[in-house]
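There are 2 protein chains.
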Amino acid sequence: MRPQSSARTNPRGSGDRGIPDATIARLPIYLRALTGLAERGMPTASSEQLATAAGVNSAKLRKDLSYLGSYGTRGVGYDVEDLRYQIAREVGSNQDWPVVIVGIGNLGQALSNYGGFSSRGFRIVALLDGDDARVGEKHGDLLIHGMDDLDNLVTEHRISIGVIATPGAAAQQVADRLVASGITSILNFAPSVLTVPAGVDVRKVDLSIELQILAYHEQRKAGGADGRVVAGL
Amino acid sequence: MRPQSSARTNPRGSGDRGIPDATIARLPIYLRALTGLAERGMPTASSEQLATAAGVNSAKLRKDLSYLGSYGTRGVGYDVEDLRYQIAREVGSNQDWPVVIVGIGNLGQALSNYGGFSSRGFRIVALLDGDDARVGEKHGDLLIHGMDDLDNLVTEHRISIGVIATPGAAAQQVADRLVASGITSILNFAPSVLTVPAGVDVRKVDLSIELQILAYHEQRKAGGADGRVVAGL
DNA sequence: TAGATTGTTAATCGATTAACAATC
DNA sequence: TAGATTGTTAATCGATTAACAATC
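Order-wise, the sequence lines are chains E and V.
Counting in this note's numbering, the first sequence runs without a single skipped number right up to 333 at its last residue.
Counting in this note's numbering, the second sequence runs without a single skipped number right up to 333 at its last residue.
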């Protein structure tokens, strides 16, 4: 998907080396492709091989990598291990990123168990829910806290990233509290447009949008005359 | 996000009215904004109001809507109910879309409970898992089936959309089986690049990519000298 | 009519990609 | 050196947005 919305497109004004957003969005994909190649024991890879593994055009891949520096060797390709290190450093996935999840419904629970986070430096350190009936429940290693514990948890664990997995109606209010607690990056799974002050980044994931895009194209295949039912309005 | 990868950018060759992919990706967002305005009892909305609700620029919104037709009234704005109907028809969310989910781990379970699907015409009609130990389990209203039931389920329920929520290693194999069963649209949550024949659309959702983009920007705030720990390589 | 707002044009911006000189 | 492949240029493509004529 294309990254759906960010409070500001390019959060750094001054010292920014100016890597385009579209490139930044692909770096994690290259990282995964490199990890795959490393697992298969490949010491080096050409831009062509890497691009194939990542599912992109090789010219685009080389252009993307050129924003980071010159890590390839002409006539040879890229050292898989080295390039992986360079990209991981650039995106910060070799750092430790404590994360709080707010809203421990089905989605929040799935996210808190999601293996793809921990392998990329994200560590879920706190679960919060606005429903007092849930507070105190144990979920995996973690206790579900009430919203009142937010400030303390953020300070204690130096959390800078919050994930919102609440219903849409609660999302703005939760975002306000996250911002007040000092959090500066928010990943929003709730179906709401969030307003946050400058200096706070918001990205949004909508699980149903991609499905709707598929349905749009599906509708246009086979002329639509294939017996599906139109369900009222 | 920008929609991350589609087998082909624009699946229809001939009779296509040629709505850009970027526009298609925003139609569901407008739909949601319109639903919100309708709930608040607004009979009409200007492009400015609607754009604010959707979090986009009003010129972009008008341009997007112009691909669908002329549904606004100059000097007045758009009829909320009518525009909602027109967009819903365009994206197919007023149809019934039977969906199969393969891989009933945490994520698969969360997706099968996700309210945002049913409200948009998607109906989860079958759950499948490759792990025989899971087969026969009841999950909500639905039984977990083994992969061998795929063909029958697809035929019986006229399923055209499949969701892959398996581990990455299983995803290509599952995609092959979905395609063989007649499914022509795949939403892939697994961390793998899928190869599918022409005529099949694949879209990919990566839950950790958005988080990594946030981390990238976060790393560049406050000069990075704020005490976060670098965890080895 | 006067005011408001659409639908569209055209300018701008950014992203993709083919091509190739540089160079290992 | 000959072959391979990077890093970069420049052309192309597509998306965004300001501006405004059309028109309710």
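Glycine residues also receive a C-beta, built at the ideal position from the N, C-alpha and C atoms.
These numbers were taken from a predicted model, which means no experiment stands behind them.
Residue from the options whose Cα sits closest to the Cα of residue i
{"i": "E/Arg184", "options": "E/Asn213, E/Glu139 and E/Ser158", "result": "E/Glu139"}
{"i": "E/Val293", "options": "V/Ala151, V/Asp121 and V/Gly118", "result": "V/Ala151"}
{"i": "E/Arg258", "options": "E/Ile283, E/Lys238, E/Gly192 and E/Leu228", "result": "E/Ile283"}
{"i": "V/Arg303", "options": "V/Glu310, V/Leu228 and V/Leu287", "result": "V/Leu287"}
{"i": "E/Ala265", "options": "V/Met247, V/Asp248 and V/Ala210", "result": "V/Ala210"}
{"i": "E/Ser212", "options": "E/Ala153, E/Leu242 and E/Tyr130", "result": "E/Leu242"}
{"i": "E/Gly215", "options": "V/Thr144, V/His317, V/Leu307 and V/Ile313", "result": "V/Leu307"}
{"i": "V/Arg132", "options": "E/Gln319, E/Lys321 and E/Gln312", "result": "E/Gln312"}
{"i": "V/Phe222", "options": "E/Ile119, E/Glu310, E/Gly118 and E/Pro128", "result": "E/Glu310"}
{"i": "E/Leu134", "options": "E/Ala233, E/Gly169 and E/Ala188", "result": "E/Ala188"}
{"i": "V/Asp249", "options": "V/Val274, V/Pro267 and V/Gly268", "result": "V/Val274"}
{"i": "V/Met247", "options": "V/Gly141, V/Glu256, V/Val202 and V/Ser218", "result": "V/Val202"}
{"i": "E/Gly175", "options": "E/Ile119, E/Pro198, E/Ala145 and E/Glu237", "result": "E/Ala145"}
{"i": "E/Ala122", "options": "E/Ala233, E/Val235 and E/Val156", "result": "E/Val156"}
{"i": "V/Glu256", "options": "V/Gly268, V/Gly118 and V/Pro198", "result": "V/Pro198"}
{"i": "V/Phe217", "options": "V/Gln195, V/Glu237, V/Ser158 and V/Ala233", "result": "V/Gln195"}
{"i": "V/Pro267", "options": "V/Leu227, V/His317 and V/Asn206", "result": "V/Asn206"}
{"i": "V/Leu227", "options": "V/Asp251, V/Gly172 and V/Lys321", "result": "V/Asp251"}
{"i": "E/Arg220", "options": "E/Glu237, E/Ser193 and E/Ala233", "result": "E/Ser193"}
Neighbouring residues, chain E, relative to residue i (Cβ below 8 Å)
{"i": "V/Gln273", "result": "Residues of chain E passing the Cβ test: none, with the nearest at roughly 16 Å."}
{"i": "V/Gly192", "result": "Gln312, Ala315, Tyr316, Glu318 and Gln319"}
{"i": "V/Arg132", "result": "Pro291"}
Beta-carbon neighbours of residue i, restricted to chain V and to distances below 8 Å
{"i": "E/Pro128", "result": "Asp306, Ser308, Ile309, Gln312 and Ile313"}
Beta-carbon gap between residue i and residue j smaller than 9 Å
{"i": "V/Ala315", "j": "V/Ala290", "result": "no"}
{"i": "E/Arg126", "j": "E/Asp164", "result": "yes"}
{"i": "E/His245", "j": "E/Asp231", "result": "no"}
{"i": "V/His239", "j": "V/Ile261", "result": "no"}
{"i": "V/Val263", "j": "V/Gly208", "result": "yes"}
{"i": "V/Gln319", "j": "E/Val200", "result": "no"}
{"i": "V/Leu168", "j": "V/Gln149", "result": "no"}
{"i": "V/Ala154", "j": "V/Ile124", "result": "no"}
{"i": "E/Leu161", "j": "E/Ser147", "result": "yes"}
{"i": "E/Val225", "j": "E/Leu253", "result": "yes"}
{"i": "V/Val300", "j": "V/Ser281", "result": "no"}
{"i": "V/Pro143", "j": "V/Glu181", "result": "yes"}
{"i": "V/Val305", "j": "E/Val305", "result": "yes"}
Residue range of the alpha helix (DSSP H) that includes residue i
{"i": "E/Asp164", "result": "Ser158 to Ser166"}
{"i": "E/Arg189", "result": "Val180 to Val191"}
{"i": "E/Asp251", "result": "Leu250 to His257"}
{"i": "E/Gly136", "result": "Asp121 to Glu139"}
{"i": "V/Leu294", "result": "Where V/Leu294 is concerned, there is no enclosing alpha helix (DSSP H), given that its DSSP letter is neither H nor E."}
{"i": "E/Gly216", "result": "Gly215 to Ser218"}
{"i": "E/Ile309", "result": "Leu307 to Arg320"}
{"i": "E/Tyr147", "result": "A quick correction: the sequence has Ser, not Tyr, at residue 147 of chain E. Its alpha helix (DSSP H) spans residues Ser147 to Ala154."}
Contact list for residue i against chain V, beta-carbon separation under 7 Å
{"i": "E/Leu137", "result": "Those do not exist, as E/Leu137 stays about 13 Å from chain V at its closest Cβ, beyond 7 Å."}
{"i": "E/Ile244", "result": "Residues of chain V passing the Cβ test: none, with the nearest at roughly 16 Å."}
First and last residue of the uninterrupted beta strand (DSSP E) at residue i
{"i": "V/Val274", "result": "It is not in any beta strand (DSSP E) - V/Val274 instead sits in the alpha helix (DSSP H) that spans Gly268 to Ser281."}
{"i": "V/Phe222", "result": "Phe222 to Leu228"}
{"i": "V/Ser285", "result": "Ser285 to Asn288"}
{"i": "V/Pro143", "result": "Premise fails: V/Pro143 is in no beta strand (DSSP E) and is neither H nor E."}
{"i": "E/Arg303", "result": "Asp301 to Lys304"}
{"i": "E/Val199", "result": "Trp197 to Val202"}
{"i": "V/Gly240", "result": "Looking at the DSSP string, V/Gly240 is not in any beta strand (DSSP E), and its letter there is neither H nor E."}
{"i": "V/Gly262", "result": "Ile261 to Ile264"}
Proximity test, residue i beta-carbon vs the ligand SAH heavy atom, cut-off 8 Å
{"i": "V/Val300", "result": "In terms of ligand content, the structure shown is empty, and the ligand SAH therefore cannot be addressed."}
Residue i: contacting residues in chain E (beta-carbon distance under 9 Å)
{"i": "V/Leu211", "result": "Asn206, Leu207, Ala210 and Leu307"}
Residue i: contacting residues in chain V (beta-carbon distance under 9 Å)
{"i": "E/Ile98", "result": "Since the first residue shown for chain E is 101 and the last is 333, residue 98 of chain E is missing from the structure and cannot be characterised."}
Taking only beta carbons into account, state which residues of the region 291-324 of chain E come closer than 7 Å to chain V, listed in chain order.
Those residues of the region 291-324 of chain E that come within reach of chain V (Cβ to Cβ, closer than 7 Å) are Pro291, Val293, Asp301, Arg303, Val305, Leu307, Ser308, Ile309, Glu310, Leu311, Gln312, Ile313, Leu314, Ala315, Tyr316, His317, Glu318, Gln319, Arg320 and Lys321.
Interface residues of the region 258-289 of chain E facing chain V [CB-CB below 7 Å]:
Arg258, Ser260, Ile261, Thr284, Ser285 and Leu287
Please name the residues in the region 153-165 of chain E whose beta-carbon is closer than 9 Å to at least one beta-carbon of chain V, in chain order.
Ala153, Ala154, Gly155 and Val156
Contact residues within the region 214-226 of chain V, judged by C-beta distance below 9 Å to chain E:
Tyr214, Gly215, Gly216, Phe217, Ser219, Arg220, Gly221 and Phe222
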